[in-house]
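To start, the structure under review is shown below, and the notes come after it.
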Amino acid sequence: MGALLLFGLAGFLAQFVAGVLGMGYGMTSTTMLVAFGTAPALASASAHFAQVGTSLAAGLSHWRFRNVDWRTVGILAVPGAVGAVVGAFLLASFSGDFATGWISVILFALGLYVLVRFAFLRLGKLITNRRPGARFLAPLGFVAGFIDATGGGGWGPVATTTLLSSGRLAPRMVVGSVGAAEFVVTVAASLAFLVALSLHEMNFVVVIGLLVGGVLAAPIAAWLVHRMPPRLLGTAAGGLIILTNGWLLLGVLGLSQPAVTVVYAGLTLLIAAAFVAAVRSMRAEKRMNALIGEDGSVANEIAGR
Numbered sequence: 003m004g005a006l007l008l009f010g011l012a013g014f015l016a017q018f019v020a021g022v023l024g025m026g027y028g029m030t031s032t033t034m035l036v037a038f039g040t041a042p043a044l045a046s047a048s049a050h051f052a053q054v055g056t057s058l059a060a061g062l063s064h065w066r067f068r069n070v071d072w073r074t075v076g077i078l079a080v081p082g083a084v085g086a087v088v089g090a091f092l093l094a095s096f097s098g099d100f101a102t103g104w105i106s107v108i109l110f111a112l113g114l115y116v117l118v119r120f121a122f123l124r125l126g127k128l129i130t131n132r133r134p135g136a137r138f139l140a141p142l143g144f145v146a147g148f149i150d151a152t153g154g155g156g157w158g159p160v161a162t163t164t165l166l167s168s169g170r171l172a173p174r175m176v177v178g179s180v181g182a183a184e185f186v187v188t189v190a191a192s193l194a195f196l197v198a199l200s201l202h203e204m205n206f207v208v209v210i211g212l213l214v215g216g217v218l219a220a221p222i223a224a225w226l227v228h229r230m231p232p233r234l235l236g237t238a239a240g241g242l243i244i245l246t247n248g249w250l251l252l253g254v255l256g257l258s259q260p261a262v263t264v265v266y267a268g269l270t271l272l273i274a275a276a277f278v279a280a281v282r283s284m285r286a287e288k289r290m291n292a293l294i295g296e297d298g299s300v301a302n303e304i305a306g307r
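Take the sequence shown: its letters are residues 3 to 307, numbered as in this note's numbering.
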């Protein structure tokens, strides 16, 4: 019972992060399982089995709060499922650790871009008028699905990060759409793992705990996404990406512990400064909107006379 509660708490926290920021469930849960000595393929399979339920709950919750662009979901989901199947079969034979270095570099760079974009740029530059098309979404879905299966997580970090950095959808729509498409990708990966692996060693207490905790967290996270301002959501997403992949990247580089401490302190200060800048920009934009509203009221009164 104690183990079930522990994994339930882990699933709740992982899905809360994933539901709010569009990433982190698979990465968090798989990391925990590998730390307990689970083989990478079985850890990824366990996380994906649990994520079938949590991703369905997250998708429905985001749909309920109108955070989903279904056109984006449709174009992302099918290539993502294909990539996940390919990745699952490869992971059954090979370790996914070889990709840690270059994936960390790419995600760190995109996370830095997202942080700067939503914390320091003017609001008018946050979102463009062009919606993402198939030429952009289809390759993104395939790559994100492949990385998700081989790394035990990665659909959110790759798909959410890239869509946020493109500026073609509002942050809450990015998080909701990526979360909705994740259900299809997770089902495809789980079915591939069923074919590729012998599952007699899998601990289904882990799967049930992750599933129950994640399902409970999904509606809370979706509600928070609907309420959170775009600047704070984008800044938080960029900060999470930087901290997570910065840690992995520093490990790959083999820096000494003092050097790692200095670099991480610098990253923490950067993210704190970004949140301060985001809050200041939000206040300035709120004052500007209030002035525009007042001016509009005055204009209406003059016109009425």
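Note that CB positions come from ideal geometry on N, CA and C, so glycine has one too.
What residue range is occupied by the uninterrupted alpha helix (DSSP H) comprising residue i?
| i | result |
| --- | --- |
| Arg66 | Pro42 to Arg66 |
| Pro134 | Neither: Pro134 is in no alpha helix (DSSP H) and is coded neither H nor E. |
| Gly156 | Here Gly156 belongs to no alpha helix (DSSP H), and DSSP marks it neither H nor E. |
| Thr162 | Neither: Thr162 is in no alpha helix (DSSP H) and is coded neither H nor E. |
Near residue i, what residues of its chain come up, given a Cβ to Cβ distance below 6 Å and the 5 sequence neighbours on each side ignored?
| i | result |
| --- | --- |
| Gly4 | none |
| Phe122 | Ala279 |
| Ala219 | Phe14, Gln17 and Phe18 |
| Glu184 | Ser57 and Trp157 |
| Gly89 | Phe148, Ala151 and Thr152 |
| Leu125 | Only weak support is given to the placement of Leu125: the predicted model assigns it a pLDDT of 49, under 50, and the question is left unresolved by the model. |
Can you tell me whether residue i is buried or exposed? The criterion is at least 16 other CB atoms within 10 Å of its CB, across all chains shown.
| i | result |
| --- | --- |
| Phe51 | buried |
| Met29 | buried |
| Gly85 | buried |
| Thr263 | exposed |
| Pro42 | buried |
| Trp157 | buried |
| Arg68 | exposed |
| Arg137 | exposed |
| Gly306 | Since pLDDT at Gly306 reaches only 35, below the 50 mark, its modelled position is unreliable, and the value read off the structure follows with that caveat. Flag for Gly306 reads exposed. |
| Arg285 | exposed |
| Ala151 | buried |
| Val116 | buried |
| Val254 | exposed |
| Pro159 | buried |
| Arg233 | buried |
| Gly113 | buried |
| Ser167 | buried |
| Ala94 | buried |
| Ser283 | buried |
Please work out which residues of its chain come closer than 7 Å, Cβ to Cβ, to residue i, disregarding the five sequence neighbours upstream and downstream, and give them in chain order.
| i | result |
| --- | --- |
| Leu165 | Pro134, Leu171, Val176 and Val180 |
| Phe91 | Ala194 and Ala198 |
| Val217 | Gly55, Thr56 and Ala59 |
| Thr188 | His50, Gln53, Val54 and Ser57 |
| Arg289 | none |
| Val281 | none |
How is residue i classed by DSSP in three states: helix, strand or coil?
| i | result |
| --- | --- |
| Asn247 | helix |
| Leu112 | helix |
| Arg170 | coil |
| Val209 | helix |
| Gly256 | coil |
| Val187 | helix |
| Met230 | coil |
| Ala94 | coil |
| Glu287 | helix |
| Val107 | helix |
| Leu199 | coil |
| Leu117 | helix |
| Val70 | coil |
| Leu123 | coil |
| Ile129 | At Ile129, the pLDDT of 49 sits below 50, so the modelled position is not reliable and the matter cannot be decided from this model. |
| Leu7 | helix |
Is the beta carbon of residue i sitting closer than 7 Å to the one on residue j?
| i | j | result |
| --- | --- | --- |
| Pro173 | Gly236 | yes |
| Ser46 | Val208 | no |
| Gly241 | Ile273 | yes |
| Gly82 | Ala20 | no |
| Leu78 | Gly155 | no |
| Ser63 | Leu212 | no |
| Val80 | Gly178 | no |
| Gly61 | Ala182 | yes |
| Ile222 | Leu109 | no |
| Ala190 | Val87 | yes |
By Cβ distance below 8 Å, which residues in the same chain neighbour residue i in space, the five residues on each side in sequence not counted?
| i | result |
| --- | --- |
| Ala111 | none |
| Gly215 | Phe9, Gly10, Leu11, Ala12, Gly13, Phe14, Leu15, Ala16 and Gln17 |
| Leu293 | none |
| Thr163 | Met25, Leu109, Leu112, Gly113, Val116, Ala239 and Ile243 |
Does the beta carbon of residue i fall short of 6 Å from some heavy atom of the ligand SAM?
| i | result |
| --- | --- |
| Asp71 | In the structure on display, the ligand SAM does not appear, and there are no ligands present to speak of. |
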